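Undergrad:
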Amino acid sequence: MTEALEEIILKGAPISKGVSIGKLYFMEDFPDDIIPEFPIQSGDVENEIARYRKAVLSSREDLHTLQRFLAKEGSNEAASIIDTHIQMLEDPFMTTFVEKKIRQMMKNTEAVFRSVMSDYEKEFSKIKDSFFKQRLLDVKDLSNRILRHLYPREQVTLSDLPDGVVIFTKELVPSLTAESSAKQVFGFITEMGGSTSHAALIARSKGIPYISNISVETLRQFEECDVIIDADQGVVILNPTYDTVVHYKGKQERKKPTIQKEVKPDKKIETLDGCAITLLANIESIADLDLIDLYGAHGVGLFRSEFLFFGKELHSFSEEEQYDLYLRVMENAKGRPLIFRTFDVGGDKGCISRYEPEPNPALGCRAIRFLLRNRDIFIMQLRALMRVSLKGDLRILLPLISDVTELLDAKELIQEVAIDLRKEGHEIADEIPVGSMIEVPSAVIICDLIARECDFLSIGTNDLLQYTLATDRTHQDMHSFYKSSHPSIIRMVRHVVQEGLKSETPVSLCGEMAADPLMLPLLLGLGVRSFSCAPRYIPAIRDMTKRLTLAECQDQLDDILKLETCQEVEQYLQERYEKLISEISL
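So in numbering that gives the first Met the number 0, the last spot in the sequence shown is 585, and the numbers never skip.
(1) Going by DSSP, name the residue or residues bridged to G21.
(2) Starting from M385, trace the alpha helix (DSSP H) both ways and give me its first and last residue.
(3) Classify R353: buried if its beta carbon has 16 or more other beta carbons within 10 angstroms, exposed otherwise.
(4) Determine the closest residue to R535 out of M329, R528, L370 and D287, with distance taken between C-alpha atoms.
(5) If you run the structure through DSSP and keep just helix, strand and coil, what is P588?
(6) Taking contact to mean at least 3 C-beta pairs separated by less than 8 Å, is the stretch 482-490 in contact with the stretch 530-544?
(7) Rounding to the nearest angstrom, what Cα-Cα distance links D471 and A296 in this structure?
(8) Anyone know if the C-beta pair for P239 and D225 falls short of 8 Å?
(9) Can you give me the Cβ contacts of M105 inside the same chain, cut-off strictly under 7 Å, excluding the 5 residues immediately before and after it?
(10) Would L396 pass as a contact of G434 if the rule is Cβ separation under 8 Å?
(11) I'd like the list of long-range same chain contacts for S457, defined as Cβ closer than 8 Å, with 5 residues on each side in sequence excluded.
(12) What separation, rounded to the nearest whole angstrom, lies between the Cα atoms of N281 and R144?
(13) What's the call for S79, buried or exposed, on a 16-neighbour Cβ count within 10 Å?
(14) Does the Cβ of G46 have 16 or more other Cβ atoms within 10 Å, making it buried, or fewer, making it exposed?
(15) Would you list the one or two residues that DSSP bridges to D392?
(16) Would a C-beta distance cut-off of 8 Å place I431 and S388 closer than the cut-off?
(17) How about E498 and C552: do their beta carbons lie closer than 8 Å?
(18) Taking 8 Å as the cut-off, does the stretch 21-37 touch the stretch 139-158 (at least 3 CB pairs, one atom from each stretch)?
(19) Is the beta carbon of G233 less than 8 Å from the beta carbon of M329?
(20) In three-state terms, what does DSSP make of M26?
(21) Can you tell me whether S117 is buried or exposed? The criterion is at least 16 other CB atoms within 10 Å of its CB, across all chains shown.
(22) Once the 5 residues before and after H84 are set aside, which same chain residues still bring their CB inside 6 Å of it?
(23) Is S211 helix, strand or coil when you go by DSSP?
(24) How should D162 be labelled, buried or exposed, when 16 other C-beta atoms within 10 angstroms of its C-beta is the threshold for buried?
(25) If you compare alpha carbons, which of M385, L237, T564 and D375 is closest to L4?
(26) Who are N281's beta bridge partners in DSSP?
(27) With a threshold of 7 Å on Cβ separation, who are the neighbours of V443 within its own chain once the five nearest residues in sequence on each side are excluded?
(28) If I follow the unbroken alpha helix (DSSP H) through C446, where does it start and stop?
(29) Going by Cα to Cα distance, which pick from M191, S74 and L279 is closest to A177?
(30) Could you tell me which residues DSSP puts in a beta bridge with S457?
(31) For G499, report the span of its beta strand (DSSP E) as first-last.
(32) State yes or no: is the C-beta of R303 within less than 8 Å of the C-beta of E283?
(33) So, for A383: in the same chain, excluding its five sequence neighbours on each side, which residues have a beta-carbon less than 6 Å away from its beta-carbon?
(34) In the DSSP assignment, the beta strand (DSSP E) including C532 goes from what residue to what residue?
(35) Quick one, are the C-beta atoms of Y481 and P440 less than 8 Å apart?
(36) How would you write the range of the beta strand (DSSP E) that F185 sits in, first residue to last?
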C-alpha cells in the first residue's frame, strides 16, 4: 500500500473482541456451481457408494488430526466443537441415508450428496430461532469438507498464507477458525455471521479479533493491503496512515497487561481492599468442563443442558440416557458448584419437532413455558438430574421465568418428582437449590417476589438486553442498539442486586456483560459479587478485580447513574479503564 492511498474506515459488528494490525487476505467458500452432475449405470452404484464412504472416512481422519492439533494448542473449546462434527459423521443421515439416495437417484455421488445436503440446509434454515440458525454453518462446514474429498480442486488454504494475516470471507465456518493459530491469523472479517456461531465461539476462545457485517465485495478491492481490525469498537481501517498505526500499536500495548492467559484457580479473588468475588464458567458440553481448571473458575454458573442433545430430538432420549450424561457431567465437575439450567428450548428449535413452528418464537412457547406445557420432557430431565444429585453440588436453574406462577408450578413439579423418586427407592439429595433466571423485564420488576421463592437468582444479561431494548442480539444491523451500557440495564441490575440483598438471596450475573473488564468496576459498584461467563474471559476478569478497590468503584457509581446515554457511560468507563491500564504500565 502506498502513502498516496486514502485511509478508509468501515463499520461492522464486533463478534470477538481485540485489536490487530495485519495484511488482508481472501478465503473463498467451496463453490456449489462447480459440482458436476451426471447419470450413472446400475453397475456403477457400488463404486459410487465406495467413493462416498472413502470421503467420509477421509473427513473423519481430517477432523481427528485437527483435534490433535487443538489439544496440543490447548484449545479445548474448539476441540469440543470439532468433536460434534465427528459425531455428525456417524449419524445415520450421513451414512445410510446418503447411500440410499445414491441408489435411488442414480447419479454421481457428489451431485447426490450436494442435493441431499441442500435439502437439509433448506429445512434447517426454516427454523426461526437465530441462535439455531447459526448452527447451520456446522452442517455446511462438514458438507463442504466431504465435497472437497469427493471433488478435489485447487483452493487457497491457511498453509498458503503468511503470518500476520487478517482473513476475510463471506461466512466463517468453524473448521477454518479451529485450524487458525493466533500467531498466523490476526483477525477475521466476514459479511455474514453472528455472535452465537461456533466459529465465533472458537475465535473468542483463541483470542482472535472478529468483525462481521462488512461487504466482501468492498474488501476484495483491498486484498493484501494493510488493515487494522478494532473488534472492540467494530471498526475496520483499510490502508491506515502512519499516525493511525502508531495509535493502534499503542492501544495494543495498553491491552497487554490484561491478555487472557491460562492460570491455576485462586481460592480467593479479591479487590485491593478485600472485597471477594466468585468467578463461574458458562459451559455447554462435557469437554468444556476441562476449561474450569484451565482458566481458574470456582465452578459452573450456567450449564446449558440442551446443548448435550443438540441436533437430536429431546423426547427421543430416555431417562437412563440423560442420567448417564448428567452423571458424567457431575463427575467431571469434581465437586464444584454446578448450576444446571433446565432445557431452554421451544417449538421452533432443532431439538423439538413435535411442536408447531411459531411466527415469533422469541416471544412464544420457549424455556419454562415449553417445559410446563410438555411435562413429560420436563419430568424426565428432572428425574435424571435429581438421581445424580448426590454425586456433587447440583443446583437447578429455571430459564425465562416471567411470572411467579411459573416458578411455583415448576417448584411443585420438582417436589413431586423428588417424592416419586424416593418412593421408587432412589437416593437423592435432601435439599437441591432451585434458582430463577432474571432475563425479562417483568422478572426484574417483580424480582422481590421471585427471590422469596428461590434459593438463588441469575441475571441473564444476553436475553435481558434483547427483551428490554427490543433488539435481536444476533441481527447484524442491530448491533448499535444492543448495549449493556444502556442506563436502563444498569438500573435493572442494581434493582435485582438490591432485592437479592434484602431477601438474602444470592445473585449472580451471567452473559457477555459479565465477561467485559470495562464493565467490571460498574458491576462491583452496583453490588455484583458473582460472575459467570465463558471460561476464556475469566483470567481477564480476575486480573482486573485485583487492580480495583471497591471503595473507588462505589464512589464512581453515583457519577455513572447520572449519565443519560450509552455513549456517555462507555466514554466514562473507557477513560477510567485506560487510566488504570496506563498506571499499571508505568
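We put the CB at the ideal spot given by N, CA and C, even for glycine. Owing to the predicted nature of the structure, the values given are computational and were not obtained by experimental measurement.
TA: Judging by the given coordinates:
(1) Looking up residue 21 in the sequence shown gives position 22. In the DSSP output, where bridge partners are listed per residue, G21 has V226.
(2) Within the sequence shown, numbered from 1, the residue matching residue 385 stands at position 386. Taken as a continuous stretch (DSSP letters only), the alpha helix (DSSP H) holding M385 covers R374 to R386.
(3) The residue given as residue 353 occupies position 354 in the sequence shown. In this predicted model, R353 has a pLDDT of only 47, less than 50, meaning its place in the structure is not dependable enough to derive any value.
(4) Numbered from 1 along the sequence shown, position 536 holds the residue referred to as residue 535. Comparing Cα-Cα distances from R535 to each of M329, R528, L370 and D287, the minimum goes to D287.
(5) Here the chain comprises residues numbered 0 to 585, so residue 588 is not present and cannot be evaluated.
(6) no
(7) As a first step, residue 471 is located in the sequence shown; it is residue number 472 there, counting from the start. As a first step, residue 296 is located in the sequence shown; it is residue number 297 there, counting from the start. Spanning the two alpha carbons is a distance of roughly 30 Å.
(8) Translated into the one-based positions of the sequence shown, residue 239 becomes position 240. Translated into the one-based positions of the sequence shown, residue 225 becomes position 226. Yes, Cβ-Cβ distance for P239 and D225 is below 8 Å.
(9) Sequence index remark: in the sequence shown, residue 105 carries index 106 (1-based). Same-chain partners within the cutoff: P38 and I39.
(10) For the purposes of this step, residue 396 is taken as residue 397 along the sequence shown, with counting starting at 1. For the purposes of this step, residue 434 is taken as residue 435 along the sequence shown, with counting starting at 1. Yes, Cβ-Cβ distance for L396 and G434 is below 8 Å.
(11) Along the sequence shown, read from residue 1 onward, the residue named residue 457 stands at position 458. So the list reads G300, L301, I338, L396, G434, S435, M436, I437, V506, S507, L508, C509 and S531, once near-sequence residues are dropped.
(12) Residue numbering aside, residue 281 sits at position 282 when the sequence shown is read from its first letter. Residue numbering aside, residue 144 sits at position 145 when the sequence shown is read from its first letter. Computed Cα separation, rounded: 30 Å.
(13) Here residue 79 corresponds to residue number 80 of the sequence shown, with the count starting at 1. Buried, since its Cβ has 16 or more Cβ neighbours within 10 Å.
(14) As a first step, residue 46 must be located in the sequence shown, where it is residue number 47. The residue you asked about is not Gly; residue 46 is Asn in the sequence shown. Exposed: under 16 other Cβ atoms inside 10 Å.
(15) The residue you call residue 392 lines up with position 393 of the sequence shown. The partner list for D392 (beta bridge, DSSP) reads P336.
(16) Start at 1 with the first residue of the sequence shown, and residue 431 comes out as number 432. Start at 1 with the first residue of the sequence shown, and residue 388 comes out as number 389. Yes, Cβ-Cβ distance for I431 and S388 is below 8 Å.
(17) Stepping through the sequence shown from its first residue, residue 498 is reached at position 499. Stepping through the sequence shown from its first residue, residue 552 is reached at position 553. Cβ distance not < 8 Å, so E498 and C552 don't count as in contact.
(18) yes
(19) Here residue 233 refers to the residue found at position 234 when the sequence shown is read from its first residue. Here residue 329 refers to the residue found at position 330 when the sequence shown is read from its first residue. No, Cβ-Cβ distance for G233 and M329 is not below 8 Å.
(20) For the purposes of this step, residue 26 is taken as residue 27 along the sequence shown, with counting starting at 1. DSSP places M26 in coil when its eight states are reduced to three.
(21) Here the question's residue 117 lines up with position 118 in the sequence shown. That one is exposed.
(22) Against the sequence shown, residue 84 aligns to sequence position 85. Counting only Cβ-Cβ distances below 6 Å, and skipping sequence neighbours, we find L62 and L141.
(23) Here residue 211 refers to the residue found at position 212 of the sequence shown. DSSP places S211 in strand when its eight states are reduced to three.
(24) The count along the sequence shown starts at 1 and reaches residue 162 at position 163. Result: exposed.
(25) Translated into the one-based positions of the sequence shown, residue 4 becomes position 5. The residue with the shortest Cα to Cα distance from L4 is L237.
(26) Translated into positions along the sequence shown, residue 281 becomes position 282. In DSSP, N281 forms a bridge with L301.
(27) Within the sequence shown, the letter at position 444 stands for residue 443. Contacts found: I437, M491, H494 and V495.
(28) For the purposes of this step, residue 446 is identified with residue 447 of the sequence shown, where counting begins at 1. First-last of the alpha helix (DSSP H) with C446: C446 to R451.
(29) Taking the first residue of the sequence shown as 1, we reach residue 177 at position 178. Residue S74 is the option with its Cα nearest to A177.
(30) One-based indexing of the sequence shown puts residue 457 at position 458. For S457, which the question treats as bridged, DSSP gives the partners M436 and S507.
(31) As a position in the sequence shown, residue 499 is number 500, starting the count at 1. Not the beta strand (DSSP E): G499 falls in the alpha helix (DSSP H), residues P486 to S502.
(32) Position 304 of the sequence shown holds residue 303. Position 284 of the sequence shown holds residue 283. Taking 8 Å as the Cβ cut-off, R303 and E283 qualify as a contacting pair.
(33) Within the sequence shown, numbered from 1, the residue matching residue 383 stands at position 384. Result list for A383: E318, Q321, Y322 and Y325, in chain order.
(34) By one-based count along the sequence shown, residue 532 stands at place 533. Here the beta strand (DSSP E) through C532 covers S529 to C532.
(35) Counted from its first residue, the sequence shown places residue 481 at position 482. Counted from its first residue, the sequence shown places residue 440 at position 441. Against a cut-off of 8 Å, the Cβ pair of P440 and Y481 comes out as no contact.
(36) As a working mapping, residue 185 is identified with position 186 in the sequence shown. Residues V184 to M191.
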